[in-house]
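Below is one structure, written out as structure tokens; the observations come after it.
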Amino acid sequence: MSSSKRKHNKVDSIASDIMEKKKKTDKATGQKMATIKENNSNMAGHELLPENINSDLTFDFQGFSENISKSFERLNDRMDLLENNIEKKLTDKITESIRTTIEKLVKSRVNEEISVMKGEFLKEMDVMKAEIERLKSSKFERLGNNNNFTFDTLDDSRRTNIVIKGLYESEGEMNNPDYTLDKVNDLIHDGLKLRTVNVINVQRKASRGTHPGVVIATLETTEQKKQIMENKSSLLRSKNHYNIYIDNDLPPAVRYQQNNLRTILKETGLTRRYRIQGTRIVPNTTSSSRVPRVPRA
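According to full-length UniProt numbering, the sequence shown is numbered sequentially starting from 1.
Okay, structure coming up:
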């Protein structure tokens with residue numbers, strides 16, 4: 001059999017198969033249509049499905065699709081917001097944790113340094129206390145108690161004298177000492193309110209540095225001097241004389257001893273409990289904690 005004939009027979013066979021399948025399909029379709037008609041005839045009084053059912057279903061599916069899309073968009077937005085909030089909370093939490101850790105480390109380090117410094121300070125305090133005790137046992141008794149000097153033993157040239165420090169100085173005093181005398185009397189009469197006390201002689205010492213020179217003033221009697229010494233603290237409450245100080249006129253040797261006693265009181269922390277009287281240290285029985293000032297050498 002030739003090749004062309006074989007091809008022709010094969011095509012005929014395929015066509016025959018297709019026609020046979022079409023017949024079967026038509027038969028099945030006819031049976032389905034008959035079944036549908038039978039069902040429709042059995043549904044007496046019931047409405048049949050509308051003819052435009054396909055278009056309605058298509059419309060509903062489009063709306064449903066749009067709703068789903070919007071829902072997904074809202075869901076994505078909420079997820080983004082939630083993600084941002086979680087990220088912020090995590091960042092804040094990490095930052096707070098780091099800050100707390102750093103604070104604890106710094107505090108621990110500072111406490112360690114303070115502890116070391118405190119230990120060193122206590123050691124230095126122990127050394128200072130030992131030195132103070134040594135001073136108290138050696139110089140305190142010797143300088144404070146072994147000298148029987150009193151102001152009554154002063155020579156006549158100093159017994160009625162007082163020393164005034166901080167009294168302002170003017171140019172006219174250089175050529176006229178009466179200016180200084182008037183200033184001192186004004187101080188006693190107005191500052192101390194002692195109208196009956198009078199100064200009979202004054203001497204302005206040369207100034208040292210920026211402070212005015214001290215004034216040595218001589219009173220008429222020792223009783224007048226006593227009144228001034230008892231009332232001199234009132235100058236601290238005077239608006240115009242609060243920076244002026246009055247002390248006894250002492251010999252250089254006594255001033256030197258009093259400076260030593262003042263140093264001892266300061267180093268031992270006893271300035272509130274004791275005061276200097278002459279060249280002795282005596283209990284401070286007055287209500288004021290202020291130690292009477294004495295001239296410095």
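Every residue gets a Cβ at the ideal spot worked out from N, C-alpha and C, and that includes glycine.
Considering Cα atoms alone, identify which of the options is closest to residue i.
i, options, result
"Thr222", "Lys129, Ser157, Glu83 and Glu133", "Ser157"
"His211", "Lys239, Leu261, Leu167 and Asp178", "Leu167"
"Glu173", "Gly209, Val215, Arg134 and Glu112", "Val215"
"Arg195", "Glu169, Asn231, Asn176 and Lys104", "Asn231"
"Ser238", "Gly119, Gly191, Leu75 and Leu181", "Gly191"
"residue 306", "Tyr256, Asp77 and Asp182", "Outside the displayed range of the chain (1 to 297) lies residue 306, so it cannot be described from this structure."
"Lys129", "Gly269, Tyr274, Gly119 and Arg273", "Gly269"
"Thr180", "Lys89, Gly213 and Thr101", "Gly213"
Thinking C-beta only, is residue j closer than 8 Å to residue i?
i, j, result
"Ile246", "Ile228", "yes"
"Ile235", "His241", "It should be pointed out that residue 235 corresponds to Leu in this sequence rather than to Ile. Going by C-beta atoms, Leu235 is nearer than 8 Å to His241."
"Leu261", "Thr279", "yes"
"Ile188", "Val202", "no"
"Thr271", "Thr218", "no"
"Lys225", "Ile162", "yes"
"Glu220", "Ile132", "no"
"residue 310", "Ile276", "Because the chain here runs from 1 to 297, residue 310 falls outside it and cannot be looked at."
"Glu169", "Arg204", "yes"
Taking 7 Å as the cut-off, does the CB of residue i come closer than this to any heavy atom belonging to the ligand COA?
i, result
"Arg273", "Although the ligand COA was asked about, the structure shown includes no ligands whatsoever."
Residue range of the alpha helix (DSSP H) that residue i falls in?
i, result
"Ile228", "Thr222 to Asn231"
Starting from residue i, trace the beta strand (DSSP E) in both directions and tell me its first and last residue.
i, result
"Lys165", "Asn161 to Lys165"
"Leu181", "That residue, Leu181, is in no beta strand (DSSP E); its alpha helix (DSSP H) goes Pro177 to Asp186."
"Val202", "Val199 to Arg204"
"Val215", "Val215 to Leu219"
Subject >> Those runs of the alpha helix (DSSP H) which lie wholly inside the segment 246–287 and span at least 4 residues >> reply: Runs of the alpha helix (DSSP H) inside the segment 246–287: 252–268.
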